[in-house]
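Novice: Quick one: the structure is below, questions incoming.
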């Protein structure tokens, strides 16, 4: 892939997928892991995020003197999030956000080292009150009734320019569309750390919470929904500890995720058949005893390929 000529990925601005109606403490425990280099942070993810080592090498070359008092590794963690590679659903940020939308802490464990680095980086970028926009090629009016409260569990890329979303690369000007206008106070302007530095990209943290103010049928298939950010139930950046634990304390369960099985790729035929036969977007794993390699199958074949939105009764073997 030629990164220099790679087309700007638009799905970060148009990715509003289903998530759980409620969640306990999302990402609980990530703040307790050590702050490590980006290379160390992505080690637990190598087996199910393709081409990741090369992408990390690319971003590290571009982050030698970052802005906002970020370290090179912190800046590179943001740049990695803004990258995409084919197929798009296998991109780093797509997999991360899919995992964040699912109400299961087990899936998040391998992301903790990266999340610690990523959220630490974002916490150093000043937040500011802004009016932003985000959209999707669906009619979401039924899900966003006035006076209701909604939570976006994933990280959310927004823009301050409606004109950007009117481009045919984004929402376009025809067809079924929903445009969110967002009055927010915690947006992080990440253009200085983005792979696409000319993009107007402001990032909202995972689990941002909103009150729906109003909605408007603007005609020609466009619904405009006005939302306002309100205090979240859980502040990620405030949960960061000053834990000085060294990288050597990374748990054996994380390290084990790097191991290969035998001389070829790991397979669990029973689990793979269960995923293949699922009829809805809810995956019942009550009859499965899963190990770390099985979780990679769940992520790749269940969350990504089958696009399931909820995992039921997941159990890890000792």
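Numbering (our numbering), first residue to last: 70 to 387. Think of the CB as a built atom: it goes at the ideal place given N, C-alpha and C, for glycine as much as any other residue.
Please report the straight-line C-alpha distance between residue 111 and residue 121, rounded to a whole angstrom.
Specialist: Start at 1 with the first residue of the chain shown, and residue 111 comes out as number 42. Start at 1 with the first residue of the chain shown, and residue 121 comes out as number 52. Cα-Cα distance, rounded: 8 Å.
Novice: What did DSSP end up calling residue 262 once you bin it into helix, strand or coil?
Specialist: Counting from 1 along the chain shown, the entry for residue 262 is found at position 193. Residue 262: helix per DSSP, three-state reduction.
Novice: With a floor of 4 residues, list each alpha helix (DSSP H) that falls wholly inside the segment 103–169, ordered by position along the chain.
Specialist: Runs of the alpha helix (DSSP H) inside the segment 103–169: 107–110, 121–130, 141–151, 161–169.
Novice: Throw me the rounded Cβ distance for the residue 133 and residue 264 pair, which I believe falls under 8 Å.
Specialist: Within the chain shown, the letter at position 64 stands for residue 133. Within the chain shown, the letter at position 195 stands for residue 264. With a Cβ gap of about 15 Å, residue 133 and residue 264 do not count as contacting.
Novice: Rounding to the nearest angstrom, what Cα-Cα distance links residue 299 and residue 255 in this structure?
Specialist: For the purposes of this step, residue 299 is taken as the residue at position 230 of the chain shown. For the purposes of this step, residue 255 is taken as the residue at position 186 of the chain shown. So the two alpha carbons sit approximately 10 Å from each other.
Novice: Which term fits residue 138, buried or exposed, when burial requires 16 or more other beta carbons within 10 angstroms of its beta carbon?
Specialist: Translated into the one-based positions of the chain shown, residue 138 becomes position 69. Exposed: under 16 other Cβ atoms inside 10 Å.
Novice: Three or more C-beta pairs under 8 Å: does that hold for the segment 216–223 against the segment 168–185?
Specialist: They touch, by the three-pair rule.
Novice: Who are the near neighbours of residue 278 in its chain, counting only those whose CB is closer than 6 Å to its CB and skipping five residues on each side?
Specialist: Position 209 of the chain shown, counted from the start, is the residue given in the question as residue 278. Closer than 6 Å at Cβ, skipping near neighbours: 220, 299, 301.
Novice: For the alpha helix (DSSP H) that residue 174 lies in, which residues bound it at each end?
Specialist: Counted from its first residue, the chain shown places residue 174 at position 105. Segment 174–177, the alpha helix (DSSP H) holding residue 174.
Novice: If you measure between the beta carbons of residue 201 and residue 248, is that distance less than 9 Å?
Specialist: Reading the chain shown from its first residue, position 132 is the one you call residue 201. Reading the chain shown from its first residue, position 179 is the one you call residue 248. No, these two residues do not count as a Cβ contact at 9 Å.
Novice: Around the C-beta of residue 185, are 16 or more other C-beta atoms found within 10 angstroms, so that it is buried, or is it exposed?
Specialist: By 1-based counting over the chain shown, the position of residue 185 is 116. Buried, by the Cβ-count rule.
Novice: Which one of 114, 352, 295, 288 has the shortest CA to CA distance from residue 242?
Specialist: As a first step, residue 242 is located in the chain shown; it is residue number 173 there, counting from the start. Out of 114, 352, 295, 288, 288 has the C-alpha closest to the C-alpha of residue 242.
Novice: Compute the distance between the beta-carbons of residue 295 and residue 252, then report whether it is under 9 Å.
Specialist: One-based indexing of the chain shown puts residue 295 at position 226. One-based indexing of the chain shown puts residue 252 at position 183. Going by C-beta atoms, residue 295 is nearer than 9 Å to residue 252.
Novice: In this structure, does DSSP put residue 280 in helix, strand or coil?
Specialist: Walking along the chain shown from the start, residue 280 turns up at place 211. The answer is strand: DSSP assigns residue 280 an E or B state.
Novice: Given a cut-off of 9 Å, decide if residue 371 and residue 359 are closer than it, judged by their beta-carbon atoms.
Specialist: Sequence index remark: in the chain shown, residue 359 carries index 290 (1-based). Sequence index remark: in the chain shown, residue 371 carries index 302 (1-based). No, they are not a contact pair.
Novice: Kindly indicate which residue of 160, 187, 275, 198 has the alpha-carbon position closest to the one of residue 106.
Specialist: Mapped onto the chain shown, residue 106 falls at position 37. The candidate whose alpha carbon is nearest that of residue 106 is 187.
Novice: On a Cα-Cα basis, can you pick out the residue from 347, 291, 148 that is closest to residue 240?
Specialist: Within the chain shown, numbered from 1, the residue matching residue 240 stands at position 171. Measuring from the Cα of residue 240, the nearest candidate turns out to be 291.
Novice: In whole angstroms, what is the alpha-carbon distance linking residue 345 and residue 362?
Specialist: Taking the chain shown and counting its residues from 1, the one referred to as residue 345 is at position 276. Taking the chain shown and counting its residues from 1, the one referred to as residue 362 is at position 293. Straight-line Cα distance between these residues: approximately 17 Å.
Novice: Excluding the 5 residues preceding and the 5 following residue 245 in the sequence, name in chain order all residues of the same chain whose CB lies nearer than 8 Å to its CB.
Specialist: As a first step, residue 245 is located in the chain shown; it is residue number 176 there, counting from the start. Taken in chain order, the residues that qualify are 206, 207, 208, 290.
Novice: Report the three-state DSSP secondary structure of residue 295 (helix, strand or coil).
Specialist: Position 226 of the chain shown holds residue 295. Of the three classes helix, strand and coil, the one that applies to residue 295 here is strand, per DSSP.
Novice: Would you kindly check if the distance between the Cβ of residue 153 and the Cβ of residue 160 is under 9 Å?
Specialist: Sequence index remark: in the chain shown, residue 160 carries index 91 (1-based). Sequence index remark: in the chain shown, residue 153 carries index 84 (1-based). Yes, Cβ-Cβ distance for residue 160 and residue 153 is below 9 Å.
Novice: For residue 339, is the classification buried or exposed, using 16 other Cβ atoms within 10 angstroms of its Cβ as the cut-off for buried?
Specialist: Working through the chain shown from its first residue, we reach residue 339 at position 270. Burial call: exposed.
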